[in-house]
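Remarks on the structure that follows.
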Amino acid sequence: MKPAPFEYVAARSLDEALAALADAGEGGKVLAGGQSLVPLLALRLARPDVLVDVNQVAGLDRVVVDDHRLVIGALARHRAVELDEQVRRAFPLVSAAAAKIGHVAIRNRGTVGGSVAHADPAAEWPALLLALDGEVEVASPRGRRVVSAGDLYAGYLTTTLEVDEVVCEVRATLPEGRTGTSFLELARREGDFAIVGVAAVLAIEGDEVRHCRLALSGVGSTPVRARGAEELLAGAAADDAAIAAAAREVVEEIDPPGDIHGSADYRRKVAGVLVRRALSAARDEIGRMVA
Amino acid sequence: MSERRTVTVEVNGERRSGSVEPRTTLADFLRDELGLTGTHLGCEHGVCGACTVLLDGRSVRSCLMLAVQADGCSLRTVEGLAAEGGELHPVQEAFSAEHGLQCGFCTPGFLMATLELLSESPQPSEEQIRSHLSGNLCRCTGYHHIVKAVLRAAETMRGDVAASRA
Ligand SMILES: Cc1cc2nc3c(=O)[nH]c(=O)nc-3n(C[C@H](O)[C@H](O)[C@H](O)COP(=O)(O)OP(=O)(O)OC[C@H]3O[C@@H](n4cnc5c(N)ncnc54)[C@H](O)[C@@H]3O)c2cc1C
Ligand code: FES
Ligand code: FES
Numbered sequence: 052m053k054p055a056p057f058e059y060v061a062a063r064s065l066d067e068a069l070a071a072l073a074d075a076g077e078g079g080k081v082l083a084g085g086q087s088l089v090p091l092l093a094l095r096l097a098r099p100d101v102l103v104d105v106n107q108v109a110g111l112d113r114v115v116v117d118d119h120r121l122v123i124g125a126l127a128r129h130r131a132v133e134l135d136e137q138v139r140r141a142f143p144l145v146s147a148a149a150a151k152i153g154h155v156a157i158r159n160r161g162t163v164g165g166s167v168a169h170a171d172p173a174a175e176w177p178a179l180l181l182a183l184d185g186e187v188e189v190a191s192p193r194g195r196r197v198v199s200a201g202d203l204y205a206g207y208l209t210t211t212l213e214v215d216e217v218v219c220e221v222r223a224t225l226p227e228g229r230t231g232t233s234f235l236e237l238a239r240r241e242g243d244f245a246i247v248g249v250a251a252v253l254a255i256e257g258d259e260v261r262h263c264r265l266a267l268s269g270v271g272s273t274p275v276r277a278r279g280a281e282e283l284l285a286g287a288a289a290d291d292a293a294i295a296a297a298a299r300e301v302v303e304e305i306d307p308p309g310d311i312h313g314s315a316d317y318r319r320k321v322a323g324v325l326v327r328r329a330l331s332a333a334r335d336e337i338g339r340m341v342a
Numbered sequence: 262m263s264e265r266r267t268v269t270v271e272v273n274g275e276r277r278s279g280s281v282e283p284r285t286t287l288a289d290f291l292r293d294e295l296g297l298t299g300t301h302l303g304c305e306h307g308v309c310g311a312c313t314v315l316l317d318g319r320s321v322r323s324c325l326m327l328a329v330q331a332d333g334c335s336l337r338t339v340e341g342l343a344a345e346g347g348e349l350h351p352v353q354e355a356f357s358a359e360h361g362l363q364c365g366f367c368t369p370g371f372l373m374a375t376l377e378l379l380s381e382s383p384q385p386s387e388e389q390i391r392s393h394l395s396g397n398l399c400r401c402t403g404y405h406h407i408v409k410a411v412l413r414a415a416e417t418m419r420g421d422v423a424a425s426r427a
């Protein structure tokens with residue numbers, strides 16, 4: 052038996068979960084898919100007093116595509132999002148990214164809300180949310196509030212959420228009009244956490260870039276938005292030269308860590324290549340729509 | 262602080278109960294409480310796939326679930342594959358025939374993941390097989406023979422289905 056002892060509460064409703072968390076105070080922790088938390092329990096890197104299991108809370112697992120908006124319940128499993136036909140049509144970058152999370156057995160259990168709350172800078176969901184103008188709705192005994200993806204991440208495995216707050220829903224938006232997207236990552240083996248990942252959203256009007264969002268995983272202690280490159284592209288022609296310039300700007304503006312999986316220089320280089328490819332793919336997707 | 266709880270599951274078609282602390286993983290419950298030691302534990306933190314079982318038909322790592330979370334669920338483990346008389350399941354038969362195992366430590370996990378794959382995709386490509394089994398590590402075979410075994414099992418099982426329809 053590897054984890055240290057804890058008290059276990061299987062909440063049957065959100066209110067029950069919130070009450071149990073409020074009672075537990077600092078020692079409480081939400082258990083969703085368990086694909087990040089249970090390893091931490093096994094290694095005793097996490098030693099909560101009370102685990103509040105939200106898997107039986109009904110109604111938290113919906114996946115709804117409404118035109119250019121995507122609404123995902125916190126308990127939706129990665130695998131359900133990956134295989135959702137509507138998501139595939141309207142948010143192909145989300146399907147592509149979800150399919151890259153770990154392995155099938157991980158995706159069968161792991162949840163979108165868990166991934167967003169776990170705040171691993173190498174994970175797919177946080178970068179996706181940044182690129183898709185995302186937000187999360189959280190509940191606590193004080194009521195509900197909405198936190199934008201840009202305000203959610205405070206540091207390595209750390210969000211700005213309070214210990215008694217539960218993520219209920221995750222929402223993402225694509226700009227209207229002619230929009231192309233892409234999600235690319237580099238990992239040593241299928242299912243490994245990516246060394247670097249890139250989520251790109253591009254909207255074009257005429258021949259000009261009207262909107263660009265670029266978010267990267269694996270290049271900082273949080274997911275990172277490449278604002279310099281976004282600004283460089285806004286209003287520019289969506290040609291190879293502008294895309295190459297944006298990729299160079301990303302290489303300049305990021306400050307990635309180095310570890311056994313790749314040095315900081317290597318990550319910078321990979322980020323540049325992936326940004327160039329992701330932007331080109333997003334632009335070509337728009338091209339195919341018109342053709 | 263963490264009082265014991267009764268967990269009741271249906272394993273390989275049989276109702277089984279046991280009493281566990283909440284911190285007991287599903288893997289430890291299967292092995293230590295129910296005596297089903299066919300499910301192996303390699304890493305015990307989600308990396309190797311040796312502990313893969315089917316929970317309501319889907320592959321899960323039994324080291325990453327608490328036994329209490331499986332209460333009321335239906336499980337399938339490697340012990341549920343062979344027929345009563347000991348006749349091997351087509352997936353087991355194929356692993357044996359194609360040398361999809363050497364020491365056999367990883368095999369229960371591979372068999373269960375393969376079962377899920379073939380129930381979703383009766384005619385998987387080699388790429389699909391490699392992707393579906395990417396979460397299972399094998400130190401012996403180099404995977405090549407495992408892929409061949411899955412292709413063979415798929416063929417047998419499609420034949421079985423066709424034969425039963427005829
Ligand atoms: C072998 C392996 C490979 C993996 N590869 C990848 C990968 O490539 N990419 C990737 O992104 N992830 C990967 N993961 C992690 C996986 O995606 C997890 O599912 C995810 O990070 C956490 O989701 P969960 O539902 O499992 O959360 P849990 O493990 O249950 O919880 C994780 C954390 O989030 C908190 N939490 C969970 N739900 C909520 C909520 N609704 N509100 C507030 N807090 C909450 C928990 O308290 C805990 O602190 C991998 C995991 C394994 C074991
Ligand atoms: S023992 Fe469960 S994944 Fe290794
Ligand atoms: S057969 Fe030995 S680990 Fe796979």
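One line per chain: the protein sequences are A and B, in this order.
Heads up, the first sequence is in the working numbering, so the first residue is 52 and it goes up one at a time.
Heads up, the second sequence is in the working numbering, so the first residue is 262 and it goes up one at a time.
Here a beta-carbon is modelled for each residue, glycine too, at the ideal position from N, C-alpha and C.
Asked	Found
Gln384 of chain B classed as buried or exposed, judged by whether at least 16 other C-beta atoms fall within 10 angstroms	exposed
Chain B within 8 angstroms of Phe57 of chain A, Cβ atoms only	yes
7 angstroms Cβ cut-off: residues of chain A touching Ser392 of chain B	Glu241
Any alpha helix (DSSP H) of 4 or more consecutive residues that is wholly inside the region 271-311 of chain A	278-284 and 291-304
Endpoints, the alpha helix (DSSP H) within which Leu92 of chain A is located	Leu88 to Ala93
Neighbouring residues, chain A, relative to His306 of chain B (Cβ below 7 angstroms)	Pro90, Ala93 and Leu94
Residues that Phe234 of chain A bridges to, as DSSP identifies them	A:Ala250
Contact list for Ile152 of chain A against chain B, beta-carbon separation under 9 angstroms	Neighbours of Ile152 of chain A on chain B: none; closest Cβ ~11 angstroms, over 9 angstroms.
Alpha-carbon spacing of Arg318 of chain A relative to Ala125 of chain A, whole angstroms	31 angstroms
Rounded straight-line distance, which links the Cα of Leu295 of chain B to that of Phe142 of chain A	44 angstroms
Proximity test, Cβ basis, 8 angstroms: Met340 of chain A and chain B	no
Glu377 of chain B CB to nearest heavy atom of ligand 2 below 7 angstroms	no
Val343 of chain A Cβ short of 7 angstroms to ligand 2 heavy atom set	Nothing can be reported for residue 343 of chain A: it is not among the residues displayed for chain A, which extend from 52 to 342.
Glu186 of chain A beta carbon near ligand 1 (any heavy atom closer than 7 angstroms)	no
Integer-rounded CB distance, given that Glu175 of chain A should sit under 8 angstroms from Gly85 of chain A	That belief does not hold up - the Cβ atoms of Gly85 of chain A and Glu175 of chain A are roughly 18 angstroms apart, past 8 angstroms.
Thr313 of chain B to Ser335 of chain B span [Cα, whole Å]	14 angstroms
Proximity test, Gln363 of chain B beta-carbon vs ligand 3 heavy atom, cut-off 7 angstroms	yes
Simplified DSSP assignment, three categories, for Glu348 of chain B	coil
Short Cβ contact (8 angstroms threshold) for Val281 of chain B with Arg292 of chain B	no
Where the region 401-427 of chain B meets chain A: residues whose CB sits under 7 angstroms from a CB there	none
Segment limits, beta strand (DSSP E) that includes Leu315 of chain B	Thr313 to Leu316
Residues of the region 318-332 of chain A whose Cβ lies closer than 7 angstroms to any Cβ of chain B, in chain order	none
Minimum Cβ-Cβ distance from Ile157 of chain A to chain B less than 8 angstroms	yes
Contacts around Ala289 of chain A, its chain only, beta-carbon distance under 6 angstroms, and the 5 residues preceding and following it disregarded	Ile255, Val260 and Arg334
Option in A:Asn106, A:Arg95, A:Leu180 and A:Glu67 with minimal Cα separation from Leu48 of chain A	A question about residue 48 of chain A goes unanswered here, because the residues of chain A that appear run from 52 up to 342.
Contact with chain A by Ser278 of chain B, beta-carbon distance below 8 angstroms	no
Beta-carbon neighbours of Val321 of chain B, restricted to chain A and to distances below 7 angstroms	Ala156, Asn159 and Arg160
Arg391 of chain B Cβ short of 7 angstroms to ligand 4 heavy atom set	Because ligand 4 does not appear in the structure shown, any question about it cannot be addressed here, the ligands present being ligand 1, ligand 2 and ligand 3.
Closer than 7 angstroms: Thr300 of chain B CB and nearest ligand 3 heavy atom	no
Arg426 of chain B vs Pro56 of chain A beta-carbon contact at 8 angstroms	no
Proximity test, Cβ basis, 8 angstroms: Gln259 of chain B and chain A	Residue coverage of chain B in this structure runs from 262 to 427, which leaves residue 259 of chain B outside it and unanswerable.
Simplified DSSP state of Leu295 of chain B, which is helix, strand or coil	coil
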